[in-house]
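S.K.: Residues in the sequence shown are numbered from 237 upward in steps of one, following our numbering.
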Amino acid sequence: MTKGEPDLSRRAMFRLGRGGSARASSLRETAAVGDLVRVSRPAMGSTFELRIPASTPAAVDLAYRALDLIDLLEAQLTVYSDDSEVSQVNARAHLEPVPVSAMLFDLLESACAISRDTQGAYDVTSGALSEAWGFVRGPKRVPEPEVLSQALARTGYEKLRLDPETRTVAFAVEGLRINLGSIGKGYALDRARLVLESHWWPTGALIHGGRSSALALGSPAGPGSRWRVALRNPFCPEHPLGEFRLRNRAIGTSGAAFQSFESGGKLHGHIIDPRSGAAILGPASVTVLAPTAAAADALSTAFYLLGPSFARDYLATRPALGAVFVLESTDPENPTILALGSAQNDFFPGEIPVD
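(1) From the DSSP output, in three-state form, read off T292 for me.
(2) State yes or no: is the C-beta of A579 within less than 7 Å of the C-beta of A559?
(3) Can you name, in chain order, every residue of its own chain whose Cβ lies under 6 Å from the Cβ of S499, other than the five neighbours on each side?
(4) Which runs of the beta strand (DSSP E) fall wholly inside the segment 508-538 and span at least 3 residues, in chain order?
(5) Touch check for the segment 426-446 and the segment 505-523: three-plus C-beta pairs under 8 Å?
(6) Tell me, please, whether the segment 562-571 touches the segment 457-470 by the rule of three or more beta-carbon pairs shorter than 8 Å.
(7) Give a yes or no on whether the C-beta atoms belonging to D533 and S449 are separated by under 7 Å.
(8) Keeping to the same chain, check which residues put their C-beta closer than 6 Å to that of G513; ignore five residues upstream and five downstream.
(9) Helix, strand or coil: how does DSSP classify A260 here?
(10) Please find out if some non-hydrogen atom of the ligand FAD comes closer than 6 Å to the beta-carbon of S449.
(11) Would DSSP call F546 helix, strand or coil?
(12) List the whole-angstrom C-beta distance separating P289 from A526, where the pair is believed to meet the contact cut-off of C-beta under 8 Å.
(13) Decide if D549 is buried, meaning its Cβ has at least 16 other Cβ atoms within 10 Å, or exposed.
(14) When you compare the CB positions of V275 and A329, do they come within less than 7 Å of one another, or not?
(15) For G501, count neighbouring C-beta atoms within 10 Å of its own C-beta (all shown protein chains included) and say buried if the count is 16 or more, exposed if not.
(16) Determine which residues share a DSSP beta bridge with T283 and list them.
(17) Whole alpha helix (DSSP H) runs in the segment 328-412 with 4 or more residues, listed along the chain?
(18) Count the CB pairs spanning the segment 391-399 and the segment 419-429 that are closer than 8 Å, and state whether there are at least three.
Put into structure tokens, the structure is as follows:
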């Protein structure tokens, strides 16, 4: 340990090297350029990892500051603690408007805007449905029709009342539940990015938010270079389907390949359609490219439910966005891939070497 470094026994492990081994994740770096500092820590039910060029002064401390912020955000956004800000809103907002932090209010406004744009396929108020299906605290189950009907009556972004003048949140019905699980990790990556951008020394970074989210800041080795991130094959994880080449871009992936469950001889997905309450089995995976990780996460969920046709029309008027659909195939090593929007320029199909 060099002088001035924090005590690693109290922190996540970090490693210097030329990229190291790839993680078994939906998105993973595949071609590091130059030496990287890699720092990881469990958070939000996943493992967050930052990869920063080792030439960056105080790189390890910088990574720790970003991860510390992610820890704070988890404590604020989680539904698994009664003391979190979101849980306090869920408990009181049907009784009276609840003042919230500027961060949470802005996040909810952004989420509702995406809900409107996606015909309600994305909806942060679907917490009652997640509870009915046992996706919050388990066990996973198919809810009885009456239970599902009651949960649907307590779901819908249009029942969320946001007042920007007082910065308060209110619910139109009792029992509505905000759950930010489909956007929270992406938002945490966006906030971590701000920490990195405020560093006194300009630096690039690749930030992973578990298996489904990643954000590429700047370049790994100077102007012109890009972070290279592999897209996992949902059917054959050992055979990546290609790679994204990213700079100041985020990726979010949704899919049911590894989180589906069987009940009564029928397979159910883990993504709930908030309009019908059904747990849907859609494409094998949907990956969205966007300027922010929060948008990438939310839109990947919506596109998973709405399909390629909707995504194509949506992206036609939004050149900053892209999507890659991995569709069902009889050949698991070579499934059908559909790249839309900006993904046609940023995604390069074909098997790639893995560290």
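All C-beta atoms in this analysis are idealised placements derived from N, C-alpha and C, irrespective of residue type, glycine included. Just so it is clear, the structure is predicted and the values come from calculations on it, not from any experiment.
M.R.: Walking through what the data contain:
(1) Position 56 of the sequence shown, counted from the first residue, corresponds to residue 292. In the structure shown, T292 sits in coil (DSSP, three-state: anything other than H, G, I, E or B).
(2) Reading the sequence shown from its first residue, position 343 is the one you call residue 579. Reading the sequence shown from its first residue, position 323 is the one you call residue 559. Pairing A579 with A559 gives a Cβ-Cβ distance under 7 Å.
(3) Position 263 of the sequence shown, counted from the first residue, corresponds to residue 499. Cβ within range, chain order: V378.
(4) Fully enclosed beta strand (DSSP E) runs of 3 or longer: 521-526.
(5) no
(6) yes
(7) Here the question's residue 533 lines up with position 297 in the sequence shown. Here the question's residue 449 lines up with position 213 in the sequence shown. Yes, these two residues count as a Cβ contact at 7 Å.
(8) Translated into the one-based positions of the sequence shown, residue 513 becomes position 277. Once the five neighbours on either side are set aside, the close Cβ partners of G513 are L365, L384, L388.
(9) Position 24 of the sequence shown, counted from the start, is the residue given in the question as residue 260. Confidence in A260 is poor, its pLDDT being 32 and thus under 50, which makes the residue's placement unreliable; the coordinate value appears in the next sentence. A260: coil per DSSP, three-state reduction.
(10) Here there are no bound small molecules, and the ligand FAD is not part of this structure.
(11) Within the sequence shown, the letter at position 310 stands for residue 546. Reduced to three states, the DSSP call for F546 is helix.
(12) Position 53 of the sequence shown, counted from the start, is the residue given in the question as residue 289. Position 290 of the sequence shown, counted from the start, is the residue given in the question as residue 526. Between A526 and P289 the Cβ distance is about 24 Å, and since that is not below 8 Å, they are no contact.
(13) By one-based count along the sequence shown, residue 549 stands at place 313. When all chains shown are included, D549 counts as exposed.
(14) For this step, residue 275 is matched to residue 39 along the sequence shown. For this step, residue 329 is matched to residue 93 along the sequence shown. A329 sits away from V275, with the two beta carbons spaced by 7 Å or more.
(15) Counting from one through the sequence shown, the residue named residue 501 turns up at place 265. With fewer than 16 other Cβ atoms within 10 Å, it is exposed.
(16) Residue 283 sits at position 47 when you count from the first residue of the sequence shown. DSSP, once it has assigned bridges, lists P278 as partnering T283.
(17) 338-353, 363-368, 381-389
(18) no
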